[in-house]
Amino acid sequence: GCSFICDATGAKVAEANRTEETVLLASFDLEAQKLARNFWGLFRDRRPELYKPLISLDGLDQ
Numbered sequence: 256g257c258s259f260i261c262d263a264t265g266a267k268v269a270e271a272n273r274t275e276e277t278v279l280l281a282s283f284d285l286e287a288q289k290l291a292r293n294f295w296g297l298f299r300d301r302r303p304e305l306y307k308p309l310i311s312l313d314g315l316d317q
């Protein structure tokens with residue numbers, strides 16, 4: 256229950272309630288979603304080479 260679908264900006268476009276079984280469907284303009292993601296710059300400053308130490312148990316990159 257309470258599942259939802261949101262767009263690239265985080266706005267809810269569909270939401271299920273708590274009491275009924277529901278199948279949610281939504282259509283998106285994938286090109287518009289891609290442009291929105293690029294505009295935000297969320298991935299521009301990513302540093303994937305630094306992820307490994309962050310997710311290791313000891314914080315070391317070995």
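FYI, our numbering numbers position 48 of the sequence shown as 303, with every residue one higher than the one before it.
Note that CB positions come from ideal geometry on N, CA and C, so glycine has one too.
Taking just the CA atoms, how far does R292 sit from R273?
-> Here residue 273 refers to the residue found at position 18 of the sequence shown. Here residue 292 refers to the residue found at position 37 of the sequence shown. Straight-line Cα distance between these residues: approximately 31 Å.
What residue does the beta strand (DSSP E) around E270 start on, and which one ends it?
-> Taking the sequence shown and counting its residues from 1, the one referred to as residue 270 is at position 15. DSSP places E270 in the uninterrupted beta strand (DSSP E) bounded by 267-270.
Look up F294 in the DSSP assignment and say whether it is helix, strand or coil.
-> Residue mapping note: residue 294 aligns to position 39 of the sequence shown, counting from 1. Annotated three-state conformation of F294 is helix, per DSSP.
Where do the ends of the beta strand (DSSP E) carrying C261 lie?
-> For this step, residue 261 is matched to residue 6 along the sequence shown. The continuous beta strand (DSSP E) containing C261 extends over residues 259-261.
Please look up how many angstroms separate the CB atoms of Q288 and A263, rounded, as I've assumed it's under 8 Å.
-> Along the sequence shown, one-based indexing puts residue 288 at 33. Along the sequence shown, one-based indexing puts residue 263 at 8. Going by Cβ atoms, the distance from Q288 to A263 rounds to 4 Å, so yes, they are a contact pair.
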